[in-house]
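> Before I ask anything, here is the structure I am working with.
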Amino acid sequence: MTIELQIDDASGEEVQALILEHLSGMHKDSPPGHVNALALDSFRATDITLWSAWMDGRLCGCGALKEHDSETAELKSMRTRAAFLGQGVGQAVLDQIIRTARVRGYKRVYLETGTGDSFAAAHALYLKNGFNWCGAFGDYKATDFNVFMVRSLA
Numbered sequence: 060m061t062i063e064l065q066i067d068d069a070s071g072e073e074v075q076a077l078i079l080e081h082l083s084g085m086h087k088d089s090p091p092g093h094v095n096a097l098a099l100d101s102f103r104a105t106d107i108t109l110w111s112a113w114m115d116g117r118l119c120g121c122g123a124l125k126e127h128d129s130e131t132a133e134l135k136s137m138r139t140r141a142a143f144l145g146q147g148v149g150q151a152v153l154d155q156i157i158r159t160a161r162v163r164g165y166k167r168v169y170l171e172t173g174t175g176d177s178f179a180a181a182h183a184l185y186l187k188n189g190f191n192w193c194g195a196f197g198d199y200k201a202t203d204f205n206v207f208m209v210r211s212l213a
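So, in structure tokens, the structure goes:
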């Protein structure tokens, strides 16, 4: 099956439900005060591009890219619906985000994510795609509940 990606403004009910599912999952898997996922209204900001992923007309995932400056961006809100796990959705979204980052001329893409078993698949995906562990960036603070990664695009 083909995964179709489109830039999205998070105004549709299905995409909003997926973002809320993502937020709920992050709050379930991280202690209070340690969730850095984007709120629903954040996707209307001009420095954030959101993609929705579709398979046979069904929403299967999403991911976003947030610009920090002319050389750096951050991967945000990567989510694959449970029914589509293992079908390449995360890889397709990540590929689109990296392609876009290159076109925009970013030199690095960072990400912050959680720790523990529920984040192991995400860590594996990012490591497989050239991300490396790094220290905190931007306004983030390192804790026992988050990790940081970066991928050079130069």
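No gaps in the numbering here: position 104 of the sequence shown is 163 in the working numbering, and each next residue is one more.
Backbone N, C-alpha and C define an ideal beta-carbon position, used for all residues, glycine too.
Owing to the predicted nature of the structure, the values given are computational and were not obtained by experimental measurement.
Take every Cβ of the segment 191-200, pair it with every Cβ of the segment 148-159, and state whether three or more of those distances are shorter than 8 angstroms.
The segment 191-200 is not in contact with the segment 148-159.
> Note the first and the last residue of the continuous beta strand (DSSP E) segment covering T159.
Not the beta strand (DSSP E): T159 falls in the alpha helix (DSSP H), residues 148-162.
> In the segment 69-119, which residue ranges form an unbroken alpha helix (DSSP H) of at least 4 residues, counting only runs that do not cross its ends?
Segments of the alpha helix (DSSP H) lying fully in the segment 69-119: 72-88.
> Would G122 be called buried (16 or more neighbouring beta carbons within 10 Å of its own) or exposed?
Per the 10 Å Cβ criterion, buried.
> Below 8 angstroms on the Cβ atoms is my guess for R140 versus L79; work out the distance and round it to an integer in Å.
So it is not a contact: roughly 12 angstroms between Cβ atoms.
> Quick one: residues in its chain with C-beta nearer than 8 angstroms to the C-beta of R103, no 5 flanking neighbours on either side, listed in chain order?
So the qualifying residues of the chain are D68, A69.
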